[in-house]
């Protein structure tokens, strides 16, 4: 299959004309409205929730974070890549749940930053809807 046939196949199997025949005109929107972007927004919400919990003195299970650690945590979403999105999709294939996959991804990344951070506090007191509604609000 040559690239022209591949492009035609993509257009023919697109969910809508926006990602099909108008793809060349809407490509810039993928950073905001694609599944990749939604994953990035969800990761951002999970990370910021974790940082907010750490800043709350009533949450004794999570100690306050240093500015350096908070920066490293925020880098999980500011440097979110296609490789990261592929990891989320792999986790989603295991869990059969998109938000749970993001939670597990964030837990992996938090543990990689500092093994002493309590990863069980990622997603603490959250539902999938909590993560999704804030993520969709960030899209706008």
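Residue numbers (the numbering used here): 1 to 140.
Note that beta-carbon positions come from the ideal geometry of N, C-alpha and C, so glycine has one too.
Values in this document were obtained by computation on a predicted structure and should not be read as measured data.
Between the Cα of residue i and the Cα atoms of the options, which residue gives the shortest distance?
i	options	result
residue 119	15, 40 and 54	54
residue 61	69, 136, 137 and 116	116
residue 88	35, 30, 74 and 73	35
residue 46	114, 13, 113 and 107	107
residue 124	48, 25 and 12	48
Rounded to the nearest angstrom, what separates residue i and residue j at their Cα positions?
i	j	result
residue 122	residue 137	20 Å
residue 71	residue 4	43 Å
residue 133	residue 44	13 Å
residue 64	residue 56	8 Å
residue 80	residue 112	15 Å
residue 16	residue 58	48 Å
residue 86	residue 93	11 Å
residue 166	residue 96	This structure cannot settle anything about residue 166, because the visible part of the chain is limited to 1 through 140.
Is the Cβ-Cβ distance between residue i and residue j less than 9 Å?
i	j	result
residue 18	residue 8	no
residue 82	residue 105	no
residue 69	residue 114	yes
residue 135	residue 42	yes
residue 66	residue 99	no
residue 37	residue 23	no
Assuming residue i and residue j make a contact with CB atoms under 8 Å, what is their CB distance in whole Å?
i	j	result
residue 32	residue 139	6 Å
residue 39	residue 102	6 Å
For chain C, check one thing: does any of its Cβ atoms lie closer than 9 Å to the Cβ of residue i?
i	result
residue 37	The chain inventory of the structure shown lacks chain C, comprising one protein chain alone.
May I have a chain-ordered list of the alpha helix (DSSP H) segments no shorter than 4 residues that lie completely inside the stretch 77-120?
-> As summarised for the stretch 77-120, the continuous alpha helix (DSSP H) elements at least 4 residues long and confined to that stretch are 82-95 and 98-113, given in chain order.
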